[in-house]
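**Student:** Take a look at this one; I'll ask things after.
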Amino acid sequence: MASIERRELKQRDSTGRVRTVLRYKVRYRDHAGREHSETVKRSADAERRAAELEVQLASGVWRDPRRGEVKLGTWAAEWIKTRHDVRASTRARLEQTLSGQVVPRFGSTSLARITNADVRRWVAEMMESGLSPTTVRKAVFALSQCLSAAVADGRLVTNPALDVPLPAERMKAPRFLSQSEVGLLAEAMPERYRALVLVGAFAGLRWGEASGLTREHVDVLRSRIRVVSTAVEVRGHVTLGNEPKTRRSRRTVPVARATMRELERHLSLFVGPEPDALVFTAPAGGPLRRSLFARRAWEPAVKRAGLPPITFHGLRHSFVAILVAAGCNVREVSEWAGHNNVAFTLTRYGGLFEDGSDEAVDRLDALLSRHDQPAGVVVSLTGGES
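According to the UniProt record's numbering, the sequence shown holds residues 1 to 386 in order.
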């Protein structure tokens, strides 16, 4: 039960005179028996607050307001340490977003003082500063996840970063290489990395999947590559044997025999006989680091081949285009590319698949001009008869 204590206080006003003022202290105990109090100026406010507290305590929704006084920067630093549910690379990107956008804006603000209006203004400020829609969306998502954890911990009642209008993310058209362009790029690469280009373009492996590929997962006889683990690079340090990006990323990819012959040649020249030997390594041995590889081998080779700038991930787009050109259906493309679902494949690459509209028109014509219609009866577009 909440109780109200009437208190008389002496205060000096602006003229220097000492006056007696009334204050009302609402006292109550939480479920653990700890005593709390809140002071208000009016008797009616005290009675209303006492009633609210009794309802909250009885229904189990009462929250200690002091728990929301922790600064966002302090809470974010503790929260990020608990994100064991995400990959190391994902957590590193979260940390970068928090330190780059979130903490500079809200780090010194108490959790309970962050409002939905504050977050909306922040979005507008980021857009006005020239940040891309993608960066803005990632920043708000990071803040929202952080505040959701505060709600779950009883520090906030609601998440003020929800229901915030965000800028639309413009999806860039995939950059493809033709089969001849893939050949030019492979020829321009140092010999030890030519097969890496082929694995990206003709097997569709992501960078981490290719740089973490081992000899035992290359099935030369059946012309298959099994993707069962991936390399992850965080702050220049590469770890091997990590779980693939998603459940569907763990897959077996059929490889053209011509490509497999090149890969088999690469294995004989550059890869040790051990089953766990990396297929692609740095010149001095050890796992590849993406930034160094891009600067020292990839970008110079792209220029030598006379190609417009393209990333290694662009080879995956080329792989999808090649599969579609070979007549593979969307389910096969989605499975061999390791996409999370068929819907993503259609959304991202739907324009590559054959348009069946002409065939649909022919079928509709056949349906609407059936010879078994009674004389003088025409099927209308609204489904009635005339």
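Heads up, the beta-carbon is just placed ideally off N, CA and C, and yes, glycines get one too.
Between V279 and F270, what straight-line distance do the alpha-carbon atoms span, to the nearest angstrom?
**Tutor:** Looking at the two C-alpha atoms, the distance is approximately 8 Å.
**Student:** Quick check: the Cα distance between D163 and L184, rounded to an integer number of angstroms?
**Tutor:** Using only the alpha carbons, I get a separation of about 49 Å.
**Student:** Whole angstroms is fine: what's the gap from A233's alpha carbon to F293's?
**Tutor:** In the sequence on display, residue 233 carries Glu and not Ala. Spanning the two alpha carbons is a distance of roughly 13 Å.
**Student:** Can you give me the C-alpha to C-alpha distance between V199 and P104, rounded to a whole angstrom?
**Tutor:** Rounded to the nearest angstrom, the two C-alpha atoms are 42 Å apart.
**Student:** Tell me which same chain residues have a C-beta within less than 8 Å of the C-beta of T382, skipping the five on either side of it?
**Tutor:** Residue confidence for T382 is low, a pLDDT of 45 falling below 50, so the modelled location carries little weight; the figure read from the coordinates is stated next. So no residue of the chain qualifies.
**Student:** Let me know the alpha helix (DSSP H) ranges lying completely inside the stretch 204-276, each 4 residues or longer, listed in chain order.
**Tutor:** Here the runs fully enclosed are 207-211 and 257-270.
**Student:** Is it true that the CB of S37 sits closer than 8 Å to the CB of R27?
**Tutor:** A contact, by the Cβ cut-off of 8 Å.
**Student:** Can you tell me where the alpha helix (DSSP H) with S89 in it begins and where it stops?
**Tutor:** S89 -> alpha helix (DSSP H) spans A88 to T97.
**Student:** Rounded to the nearest angstrom, what separates S223 and V342 at their Cα positions?
**Tutor:** Taking the straight line from one Cα to the other gives about 25 Å.
**Student:** Classify residue 410 as buried or exposed, calling it buried when 16 or more other Cβ atoms lie within 10 Å of its own Cβ.
**Tutor:** Here the chain comprises residues numbered 1 to 386, so residue 410 is not present and cannot be evaluated.
**Student:** May I ask you to report which of helix, strand or coil DSSP gives T41?
**Tutor:** In the sequence on display, residue 41 carries Lys and not Thr. The answer is coil: DSSP assigns K41 none of H, G, I, E or B.
**Student:** By the three-class DSSP mapping on this structure, what secondary structure does S110 have?
**Tutor:** Three-state result, S110: strand.
**Student:** I'd like the ranges of any alpha helix (DSSP H) spanning at least 4 consecutive residues and lying wholly in the stretch 160-194.
**Tutor:** DSSP runs (the alpha helix (DSSP H)) wholly in the stretch 160-194: 179-188.
**Student:** Between the stretch 170-180 and the stretch 309-326, are three or more C-beta pairs nearer than 8 Å?
**Tutor:** Counting Cβ pairs under 8 Å, three or more are found: they touch.
**Student:** Exposed or buried, which one is E385 when buried takes at least 16 other CB atoms within 10 Å?
**Tutor:** Because E385 sits at a pLDDT of 47, beneath the cut-off of 50, its placement in the model cannot be relied upon, and the following sentence gives the value as read from the coordinates. It is exposed - the Cβ of E385 has fewer than 16 other Cβ atoms within 10 Å.
**Student:** For V379 and A366, I'd like the C-alpha separation in whole angstroms.
**Tutor:** Note that V379 has pLDDT 44, beneath the 50 cutoff, so the model's placement of it is unreliable and no number is given.
**Student:** Span of the beta strand (DSSP E) holding K10?
**Tutor:** Element bounds for K10: S3 to R12.
**Student:** Beta carbon of F106, beta carbon of L156: below 8 Å?
**Tutor:** No. Outside cutoff.
**Student:** Strictly by DSSP, which residues pair up with K71?
**Tutor:** Answer is S110.
**Student:** Where do the ends of the beta strand (DSSP E) carrying R29 lie?
**Tutor:** Residues V18 to R29.
**Student:** Taking only the alpha-carbon atoms, compute the straight-line gap between V182 and R120 and give it to the nearest angstrom.
**Tutor:** Distance between the alpha carbons of V182 and R120 is about 45 Å.
**Student:** Classify H339 as helix, strand or coil using the three-state DSSP reduction.
**Tutor:** Of the three classes helix, strand and coil, the one that applies to H339 here is coil, per DSSP.
**Student:** To the nearest angstrom, how far is it from the Cα of V377 to the Cα of V330?
**Tutor:** For V377, the predicted structure reports a pLDDT of 45, less than 50, and the residue's modelled location is therefore unreliable. A value from the coordinates is still provided. When rounded, the distance between both Cα atoms is 41 Å.
**Student:** Would you say T347 and S334 are within 8 Å of each other, going by their C-beta atoms?
**Tutor:** No, these two residues do not count as a Cβ contact at 8 Å.
**Student:** Taking T97 as the reference, give the member of W75, A142 and N116 with the closest Cα.
**Tutor:** When each option's Cα is compared against that of T97, the closest is A142.
**Student:** Go through its chain and collect everything with a Cβ distance to E47's Cβ below 8 Å, but skip five positions before and after it.
**Tutor:** Same-chain partners within the cutoff: I4.
**Student:** Over what stretch of residues does the alpha helix (DSSP H) that includes C146 continue unbroken?
**Tutor:** Note, C146: alpha helix (DSSP H), P133 to A152.
**Student:** Contact defined as beta carbons within less than 8 Å: I believe T230 pairs with E209. What is the distance between those atoms, to the nearest angstrom?
**Tutor:** Yes, they are in contact, since the Cβ atoms of T230 and E209 sit about 5 Å apart, within 8 Å.
**Student:** To the nearest angstrom, report how far apart R206 and K245 are at their CA atoms.
**Tutor:** So the alpha carbons of these two residues sit roughly 10 Å apart.
**Student:** Using beta-carbon positions only, say whether L111 and V136 come within less than 8 Å of one another.
**Tutor:** Their beta carbons are not under 8 Å apart, which means L111 does not touch V136 by this criterion.
**Student:** Sorted by chain position, which residues of the same chain lie with C-beta nearer than 7 Å to K10's C-beta, five sequence neighbours on each side aside?
**Tutor:** Correct list, in chain order: V18 and T20.
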